[in-house]
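Here's the structure, in structure tokens; my notes come after.
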Amino acid sequence: ITNYSVQRQHFSFPSIFIYGHTSSGKTYVMQTLLSTLQLPHVFVNCVEYFTSRLLLEEILIKLQSCSGTEQTSPVRCDSLNDFVRLFKQAVASQELQDQTLYIVLDRAEQLREMEANILPAFLRLQELTDTNVTVVLLSEIVWELFRPNTGCFEPFTIYFPDYSIGHLQKILTQNHPPEYSADFYAAYINILLGVFYMVCRDLKELRHLAALNFAKYCEPVVRGEANERDTRKLWKNIEPHLKKAMQTVYLREISSSQWERLQHDGGEPGQLKGLSAHTHVELPYYSKFLLIAAYLASYNPVRTDKRFFLKHHGKIRKTNFMKKHEKTSNHLLGPKPFPLDRLLAILYSIVDERVAPTANIFSQITSLVTLQLLSMVGQNDQLDGPRYKCTVSLDFIRAVAR
Amino acid sequence: FFLSLLAEGMSWFRDRFSKAHIKKNKYKMLLTYIYECSLCLQKIQEDLNKQLLENLVGFLSRSHSDFQEKTTEWTCRMKFREIPTAALVLGVNVTDHDLTFRGLSGILQDNITPYVALLEAKDCPGIKNLMQKLMGQLMKCDIDVDSLEDEDCVQVSQNRIRCSMSSLISWYESVKKKTDSETPSKKRNSSSRHWQSPPVVVIFKDMESFTTKVLQDFIVISSQHIHELPLVLIFGIATSPMIIHRLLPHSVSSLLCIELFQSLSCKEHLSTIIDKLLLTSQFPFKVGEKVLQVLINIFLYHDFSVQNFIKGFQLCIVEHFYSQPLSVLCCQLVDTKKRACSLSHDQCENIRKLQVLSWLKRLKEETVKLLEDLHVYHENYVLILRCLHVFTSSLPKYPLGKQIRELHCACLENRVWETEEYESSLQLARMLNKTDLVTMLQQCVEILMSSSGKEFDKTSEKLKEFLTQFQNLEAEASQEQDMSVLSQKELQKKTDLYHLQKTLLELKESRRSKKLTKFEMLRFEVVDYIDSLVRKYLIPADDRTLHEVVYFNTASVLREHLNAAPRTALHTALNNPHWYLKNQALKCDGGGISNKAPDICIAYKLHLECGRLINLVDWLEAFSTVVMAAEEPNADAASSDQVDDTIHARFIRAISELELLGFIKPSKQKTDHVARLTWGGC
Chain V
1 ITNYSVQRQH
11 FSFPSIFIYG
21 HTSSGKTYVM
31 QTLLSTLQLP
41 HVFVNCVEYF
51 TSRLLLEEIL
61 IKLQSCSGTE
71 QTSPVRCDSL
81 NDFVRLFKQA
91 VASQELQDQT
101 LYIVLDRAEQ
111 LREMEANILP
121 AFLRLQELTD
131 TNVTVVLLSE
141 IVWELFRPNT
151 GCFEPFTIYF
161 PDYSIGHLQK
171 ILTQNHPPEY
181 SADFYAAYIN
191 ILLGVFYMVC
201 RDLKELRHLA
211 ALNFAKYCEP
221 VVRGEANERD
231 TRKLWKNIEP
241 HLKKAMQTVY
251 LREISSSQWE
261 RLQHDGGEPG
271 QLKGLSAHTH
281 VELPYYSKFL
291 LIAAYLASYN
301 PVRTDKRFFL
311 KHHGKIRKTN
321 FMKKHEKTSN
331 HLLGPKPFPL
341 DRLLAILYSI
351 VDERVAPTAN
361 IFSQITSLVT
371 LQLLSMVGQN
381 DQLDGPRYKC
391 TVSLDFIRAV
401 AR
Chain E
1 FFLSLLAEGM
11 SWFRDRFSKA
21 HIKKNKYKML
31 LTYIYECSLC
41 LQKIQEDLNK
51 QLLENLVGFL
61 SRSHSDFQEK
71 TTEWTCRMKF
81 REIPTAALVL
91 GVNVTDHDLT
101 FRGLSGILQD
111 NITPYVALLE
121 AKDCPGIKNL
131 MQKLMGQLMK
141 CDIDVDSLED
151 EDCVQVSQNR
161 IRCSMSSLIS
171 WYESVKKKTD
181 SETPSKKRNS
191 SSRHWQSPPV
201 VVIFKDMESF
211 TTKVLQDFIV
221 ISSQHIHELP
231 LVLIFGIATS
241 PMIIHRLLPH
251 SVSSLLCIEL
261 FQSLSCKEHL
271 STIIDKLLLT
281 SQFPFKVGEK
291 VLQVLINIFL
301 YHDFSVQNFI
311 KGFQLCIVEH
321 FYSQPLSVLC
331 CQLVDTKKRA
341 CSLSHDQCEN
351 IRKLQVLSWL
361 KRLKEETVKL
371 LEDLHVYHEN
381 YVLILRCLHV
391 FTSSLPKYPL
401 GKQIRELHCA
411 CLENRVWETE
421 EYESSLQLAR
431 MLNKTDLVTM
441 LQQCVEILMS
451 SSGKEFDKTS
461 EKLKEFLTQF
471 QNLEAEASQE
481 QDMSVLSQKE
491 LQKKTDLYHL
501 QKTLLELKES
511 RRSKKLTKFE
521 MLRFEVVDYI
531 DSLVRKYLIP
541 ADDRTLHEVV
551 YFNTASVLRE
561 HLNAAPRTAL
571 HTALNNPHWY
581 LKNQALKCDG
591 GGISNKAPDI
601 CIAYKLHLEC
611 GRLINLVDWL
621 EAFSTVVMAA
631 EEPNADAASS
641 DQVDDTIHAR
651 FIRAISELEL
661 LGFIKPSKQK
671 TDHVARLTWG
681 GC
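Sequence lines, in order, name chains V and E. The first sequence maps to residues 1 to 402 in UniProt numbering. The second sequence maps to residues 1 to 682 in UniProt numbering.
Below, the structure is given as structure tokens:
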């Protein structure tokens, strides 16, 4: 990047596109580079400013406070046209004409969801504003997914490769706790990576996990059972603990504060049930049957209804009964939509006693939809016979049917 | 809240009352009665949610204090700062959640933070709307705190234009500064309730209905600013906490520090309400078996909603006071005399109709006495019911039900001791082991002692006697064991086979007849005694004189109001218009179609006979035949092949009405055909 901005007053490439996986250092490198070289820059996160207006206004506001610490005044910027005008004014008033100004847009993939003119305009902002400006786009996805159909200015692309295990280790070891030596911490990081590297390469997450479990690692040392170099003993102590952490706290089954408390009290992680353990949902009597009926309607073809739910359905020739494509499991194909009346017909046949079609039953169907156990297919007119899909899994329906 | 629920019902009720010219004081009575009930209910609900709310408050106060205290520590610096999140599992009774959330936000505002925002999915289809809603709620709550400064309001409205996180943060900073700069005396006052930098609590009321994108964006944005804005999220979950994993990918859920909180199940909630509202002598009004069954069935079969149960109960009260002339006497025991004295002649007549023998002179006194009896009966009934429940709830397979409400229904329905279930539960009770029996008896004694009346002094004495007998039995048993040990020693001495056999037989016999019979006999005695209590006190209320005063028994009215069947009603209206229109001419015999019925009814009846696809031309012909049937036959003959224009128009109107009602729709499969949307013919 420094190659492209040797001289401050020179015009540099209009737009740079930087991409790479999560936490491969894109944002951090950009930020450190710009602040250590003291280049004038504006840093904006596109997720946070979710509409184009907010985004443009934020850039202008940041620009005002870019060089000095003057009081910012509210700006109104409704369109890109306004932006270009105001941007020129701001640059002139801040006396930034003689050096390259950097606009960094983090999480740039959000730009695709704004108006169609935003992304192409940012790519050639230098040309549009006729000022010395470079737009840097940071993203986790490749440029090919950005390119609009109509074509646009091609930015200069830079790829940030993932950190290798060696890199990760170096980075993580760098900030070791002050009360322990770097070697001791490095050994710990080694063990940690040994367990977690297979599932997680996110630096932030790894650092978080390292901090969470370090106290447990130190335990034998603190109690005087082992010294700092007794790696084998320490490994024996921490390895099962880390494996448990991978199944619980890493998946956010239990929260990190709960995990810490458990560690502190020396309890077994088994006592605390994770989020997935609470799968049971208590439903009213008819809601259960409605859900079961919906499941049956979603996963059975209409032709079989007569056979399954009628007492005297007549004989069915077995050989021709299954069509070829139906031999694949219906559970692999996913739920199919069904009309309301079919649901009710199945309900009437699976409930032993007579069910009156009261308003309560219909409102139960609606409440199942709001609970996301059923989903409505096609938001068309209610009068036109609504169609539903059952969205629950086989395990769930088994638990309900029990 | 409870009162506001009633508001609609009350206005309707007032109208009916003013029309009926019923005495004002009855209406007043009803009002005070309902008010008392609502106060009681409110208290119950507060108590029920107490534990959950306390846990939540504890979590919230922990959540950000960690970071405030030890920001310098290494672990805290290294740890990723997650957003503290409470996953609040509330159960599927969505209608009740509103009340819980209202209580929750009230408590939070009192104890933790003034900044609480309640978000609903229907208000937040996009991240923009969510931010708008959030900022609106937060900034308004700030104005509420110090409404003196008018400039503030202006500033807020200006800020509102830019609804982004950064403006929210600057707002938070300014508010924090303001509270810091407040006068010390005022500050002390407020800091006792809130801290220096109170967290901002955002409650997502219905997590399931939020779209994934909105939630993800919001969490990503706020996690970037967690250092400046101490945010706490509360997810209101109706189904199971799995929904969090379903809605949020790992990259987003790793930004959260989720802890789980579970509310009391709605069935337990209902049990408490029934316990406190029905099984008590505090409120004179009672519901009969059928009515209670209707209410409980709606709860268990349809909605699990405690609020709806309470509404149904209120409807019972209103209906009772409206339809039962004797409800004037349904009041607290102390007022009975006064009320009875002021009875009018008609009302006395009503009472006389209910009682078999009575002289008009002494009627009032007798009524008072009967009502007092009824009150005593209730008190006794509830106590014995609880005692019986202690027994039945621990029997295998629960022949009389596990919950006290089931037992209550069974006792109200008819003489419980005549039922098969009661017989089998007595049999089972006769097989209970000693430890269970003793603990049950102790529980019963406790229940009976808790009553203020003297009625059960003797009974509890008797039960205590049983208990001591059991204890004696234990002592005896241990003695006997010593004996048997002795005899066994004796046994070892003897070597003669004949004697050995003899002694063994004797031992066996003595063990069976002596030791077990004593316990068994006592057990029989206890069960028989409980049985006698049941026969004496658990007489169904229908057998008591003047039960009509306090019991509401018309379940059919309630069912009509609460369990509406729109499809059936529509079918009845179209198929049998006489039912609603009460016009004699429309009364038709059998399945015939009267030509005097409204056009839509004729068209509907004709379409019932068709298959899934209906030919419009055939339908029109049939329609015109029916309509023309009454007119002169010669006119009919003249225009046999050509349908009259007016009839054609009437037909078109009728079928378009049917289409609007959702019975048919135009079909693309065949021309001139419509598709039936209801089944029947196919």
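Even for Gly, the Cβ is constructed at its ideal location relative to N, Cα and C.
Under 8 angstroms between beta-carbons, which chain V residues line up against E/G91? List them in chain order, please. Chain V residues near E/G91: E282.
Express the C-alpha separation of V/Q31 and V/Y19 in angstroms, rounding to a whole number. One C-alpha to the other measures close to 15 angstroms.
Quick check on the burial criterion: 16 or more other C-beta atoms within 10 angstroms. Buried or exposed for V/D395? Label assigned to V/D395: exposed.
Using Cβ-Cβ distances below 8 angstroms, what residues of the segment 337-365 of chain V are close to chain E? Answer in chain order: D341, A345, A356, P357, T358, A359, N360, I361, F362, S363, Q364.
Could you check how far apart the C-beta atoms of V/I254 and V/L296 are, in whole angstroms? I think they sit under 8 angstroms. Incorrect: roughly 36 angstroms between the Cβ atoms, too far for contact.
Residues near V/A186 in its chain [Cβ-Cβ closer than 8 angstroms; skip 5 each side]: Same-chain partners within the cutoff: Q169, T173, H176.
Could you tell me whether the Cβ of V/E95 comes closer than 8 angstroms to any Cβ of chain E? No, V/E95 lies away from the interface with chain E (no Cβ there is under 8 angstroms from its Cβ).
Chain V residues whose Cβ lies nearer than 7 angstroms to that of E/V220: The contacting residues are V47.
I'd like to know whether the C-beta atoms of E/N49 and E/G91 end up nearer to each other than 8 angstroms. Not a contact, by the Cβ cut-off of 8 angstroms.
Beta-carbon neighbours of V/K204, restricted to chain E and to distances below 7 angstroms: Residues of chain E whose Cβ lies closer than 7 angstroms to the Cβ of V/K204 are, in chain order, F80.
The segment 167-192 of chain V: which residues have C-beta closer than 9 angstroms to a C-beta of chain E, in chain order? If the cut-off is 9 angstroms between Cβ atoms, the segment 167-192 of chain V has N175, H176, P177, P178, E179 near chain E.
Does V/A90 have its Cβ less than 8 angstroms from a Cβ in chain E? With 8 angstroms as the cut-off, V/A90 does not count as an interface residue toward chain E.
Start-to-end residues for the alpha helix (DSSP H) that takes in V/K233: Its alpha helix (DSSP H) spans residues 231-247.
For V/R303, which residues in chain E fall below 9 angstroms Cβ to Cβ? Chain-ordered listing is empty here: chain E has no CB closer than 9 angstroms to the CB of V/R303, the nearest sitting near 14 angstroms.
I'd like to check one pair, E/G312 with E/F101: are the Cβ atoms closer than 8 angstroms? No.
Whether V/L101 touches V/L138 by CB criterion (8 angstroms): Note that the C-beta distance between V/L101 and V/L138 is not below 8 angstroms.
Within 8 angstroms (strictly less), CB to CB, does V/S256 reach chain E? It does; some Cβ of chain E falls within 8 angstroms.
Under 8 angstroms, CB to CB, which of the residues in the segment 94-107 of chain E have a partner in chain V? Against chain V - using a Cβ distance shorter than 8 angstroms - the residues of the segment 94-107 of chain E are V94.
Does the structure place the segment 334-350 of chain V close enough to the segment 275-292 of chain V that three or more beta carbon pairs sit under 8 angstroms? In this structure the segment 275-292 of chain V touches the segment 334-350 of chain V; the number of beta carbon pairs closer than 8 angstroms is three or more.
Could you tell me whether the segment 208-228 of chain V touches the segment 247-261 of chain V, where touching means 3 or more Cβ pairs closer than 8 angstroms? In short, these stretches touch, since the Cβ pair count reaches three.
Unbroken alpha helix (DSSP H) run spanning E/V557, endpoints: Under the DSSP assignment, E/V557 falls in the alpha helix (DSSP H) whose first and last residues are 555-562.
Under 8 angstroms, with one C-beta from each stretch per pair, do the segment 190-202 of chain V and the segment 229-244 of chain V reach the 3-pair mark? Segments in contact, yes.
List the residues of chain E that residue 426 of chain V touches, going by C-beta distances under 7 angstroms, in chain order. Nothing can be reported for residue 426 of chain V: it is not among the residues displayed for chain V, which extend from 1 to 402.
Give, in chain order, every residue of the segment 557-588 of chain E whose Cβ lies closer than 9 angstroms to some Cβ of chain V. Legend: CB atoms of the segment 557-588 of chain E lying less than 9 angstroms from CB atoms of chain V belong to residues L562, N563, A564, A565, P566, R567, T568.
Please list, in chain order, the chain E residues whose beta carbon lies closer than 7 angstroms to that of V/H331. Against V/H331, chain E offers no close residue; the least beta-carbon distance is about 18 angstroms (beta-carbon pairs closer than 7 angstroms).
What residue range is occupied by the uninterrupted beta strand (DSSP E) comprising E/E259? Where E/E259 is concerned, the enclosing beta strand (DSSP E) stretches over 256-262.
Using the beta-carbon of each residue, which ones in chain E are nearer than 9 angstroms to V/L275? Residues of chain E passing the Cβ test: A87, S240, P241, M242, I244, H245, I258, L260.
Assign V/G274 to one of three DSSP states: helix, strand, or coil. Of the three classes helix, strand and coil, the one that applies to V/G274 here is coil, per DSSP.
Cβ of V/F83 within 8 angstroms of any chain E Cβ: By the rule that beta-carbons nearer than 8 angstroms mark a contact, V/F83 does not touch chain E.
Roughly how many angstroms separate the alpha carbons of E/K322 and E/V550, rounded to a whole number? It should be pointed out that residue 322 of chain E corresponds to Tyr in this sequence rather than to Lys. In this structure, the alpha-carbon of E/Y322 lies about 13 angstroms from that of E/V550.
Does the Cβ-Cβ distance between E/W619 and E/L608 come in under 8 angstroms? Not in contact: E/W619 and E/L608 (Cβ atoms no closer than 8 angstroms).
Given a threshold of 16 other Cβ atoms within 10 Å of its Cβ, counted over all protein chains shown, does E/M449 qualify as buried or as exposed? Burial call: exposed.
Starting from the N-terminal side, write out each stretch of the alpha helix (DSSP H) that is 4 residues or longer and does not extend beyond the segment 188-226 of chain V. As summarised for the segment 188-226 of chain V, the continuous alpha helix (DSSP H) elements at least 4 residues long and confined to that stretch are 203-223, given in chain order.
Alpha-carbon spacing of E/E349 relative to E/C341, whole angstroms: Going by the C-alpha atoms only, they are around 14 angstroms apart.
From which residue to which residue does the beta strand (DSSP E) around E/M207 run? The continuous stretches of beta strand (DSSP E) do not include E/M207, and DSSP gives it neither H nor E.
Contacting residues, own chain, Cβ-Cβ under 7 angstroms from V/K233 (five flanking each side not counted): When the five nearest sequence neighbours on each side are left out, the beta carbons in the same chain lying within less than 7 angstroms of the beta carbon of V/K233 are those of P220, A226, in order along the chain.
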